[in-house]
Structure formats: C-alpha cells, structure tokens
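Numbering (the numbering used here), first residue to last: 73 to 326.
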C-alpha cells in the first residue's frame, strides 16, 4: 500500500468513521479501492462497524480521541505501520453539544465541543498532512455544517466550531495550494444520522424546523454525503481547494 497519487492501494483515514456521515465516507472509499483506517472514540461502534465491513476491503479500527494530541499521534503511527502513509483524510468526528441559550452554556461543555470539532481537526491534519505534502499528493475533506454558515439558535458552541472549520479550510487550501494536497470542506444540512437523533432527543421541534428550511423537503441521506466525500478524495478533484461544498438540498446556495 502507498499514500501517493497512484499505483498500489491508497490509504484513507476517516475520523468519526464508525457511524453516521463518517461511516458513509468509509463505505464509498472502500468501494473505490482505498484501504481505510477508521478513527473513532467509541469502541463499541468500532467493533460493530469493522465486523459489518469485514468483506468490503482493508479496514483498520483505531480508538482515538481526536482532541488529545497523544491519542492522535498513536493512531497516526499505527495507521502508517499497518496500512501505509495516508493519501486522504476525511475529518468527520464531531459532537453537537447541548441545545441551550448561550448565556446558560456551561464552559466545560463549550470547551468539549470546540476541542473535538475544531481542535481535533487541527490535531488530525497536523499529524497526517505533512506526509502528504512530502509525497506531493493528498486530499483532505473536513466536515463543516450549514450551521457554520447560517447559524442555529441555541447551539452556540457547535455553530462556532463549524464556522471555524470553514475558515481553517480556507487557510489550509491557500497554504498548501501548490503542494499537491487539496483541502476542502462539506457543509451538510440536516442528515439522517445518529447525531441528528442525539439532537432530536434534546429538542424534537428543532429537527422539524431545520428540515422545513430545506427546499427539497427531506433529510439528506448518508450515501449522498459519502459520494461527495469520495469524489473530493479522488484525483478527479484536481482544481478545487479551500472550498466549502454545500450538501443542503438547496438550503444554502453561497
């Protein structure tokens, strides 16, 4: 296996890859011939997912806390040792955080959301992207959210973290533009995922309100995310970097 732009099997890392949108990306990357390292915090989800994907292609399960630099570094070393240098990264690990007025947002909760959703992206990129630059080829896809563009009431930390991702992608896209490593983002609207159900448990009316903003009138499906992520990880994506792609059923068109 190798982590450059051709030849033998390419390696991808997907954070938050044991469920939801991350898992959708894992499935599509396996279909396209990647070996995939699934980095996830949930040991139970990793066990279920790797068992379900046993026949789909080469998969490595790594339990990782993306907000912890040592955990990320251990996973990076293990991935390289067992699969090879990654050529692609899909950073999907995230938490929604509480649904509360900003003035009632506990500082510990605020810090946890930012640590996972934004600092975790930076730690993961810092661990993996320099080797892509050295190889002269790489693809990075970071999951943002329409919430990071438009804002959602009562989700101040989540919105701030996802807006931060959009800015981070712009920075890396320009910084690495001539390196062969392209860095882009996907901003989904409301998708049928475990994170959605976690949010709806807190406030079911919030989901109905978000779906009502989608001109197509439905939830996004994980496979639709997986297809876009897989394309952004491919050589067919060759002249786009620093961009946030909307996956919003017509809700966000800028």
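Ideal Cβ placement from N, Cα and C applies to all residues, glycine included.
- Rounded to whole angstroms, the Cβ separation of residue 258 and residue 300 is 6 Å, and the two are in contact under 8 Å.
- Relative to residue 159, the option among 142, 207, 280, 97 whose CA is nearest is 207.
- Rounded to the nearest angstrom, the gap between the Cα atoms of residue 188 and residue 228 is 15 Å.
- DSSP places residue 181 inside the alpha helix (DSSP H), whose first and last residues are 179-186.
- Its Cα nearest to that of residue 87, the residue 139 stands out among 139, 153, 262, 126.
- Under DSSP, residue 292 takes part in a beta bridge, and its partners are 263.
- Contact between the region 241-254 and the region 313-322 is established, with three or more Cβ pairs separated by less than 8 Å.
- Secondary structure note for residue 309: it is in no beta strand (DSSP E), with a DSSP letter that is neither H nor E.
- Judged by pairs of C-beta atoms under 8 Å, the region 193-213 does not touch the region 170-182, as fewer than three such pairs exist.
- Within its own chain, the residues whose Cβ lies closer than 7 Å to the Cβ of residue 191, once the five positions on either side in sequence are excluded, are 139, listed in chain order.
- In the structure shown, residue 319 adopts extended strand secondary structure according to DSSP, grouped into three states.
- CA-to-CA, the gap between residue 323 and residue 252 works out to about 32 Å.
- DSSP places residue 142 in the helix class (H, G or I) of the three-state scheme.
- Here the alpha carbon of residue 142 sits roughly 27 Å from the alpha carbon of residue 125.
- Around the C-beta of residue 276, fewer than 16 other C-beta atoms lie within 10 Å, and the residue is accordingly described as exposed.
- Three or more Cβ pairs closer than 8 Å define a contact, and the region 263-270 falls short of that threshold against the region 205-219.
- Bridge pairing for residue 210: 253 [DSSP].
- DSSP places residue 237 in the helix class (H, G or I) of the three-state scheme.
- Minimum Cα-Cα distance from residue 102 among the listed residues 294, 248, 307, 302 corresponds to 302.
- Taking a 10 Å sphere around the C-beta of residue 263, we find 16 or more other C-beta atoms and assign the residue as buried.
- Taking 9 Å as the cut-off, the Cβ atoms of residue 98 and residue 121 count as close.
- Taking 3 residues as the minimum length, the beta strand (DSSP E) runs contained wholly in the region 102-155 are 107-112, 131-135, in order along the chain.
- Taking residue 170 as the centre and dropping the five residues before and after it, the same chain places the C-beta of 181 closer than 6 Å to its C-beta, in chain order.
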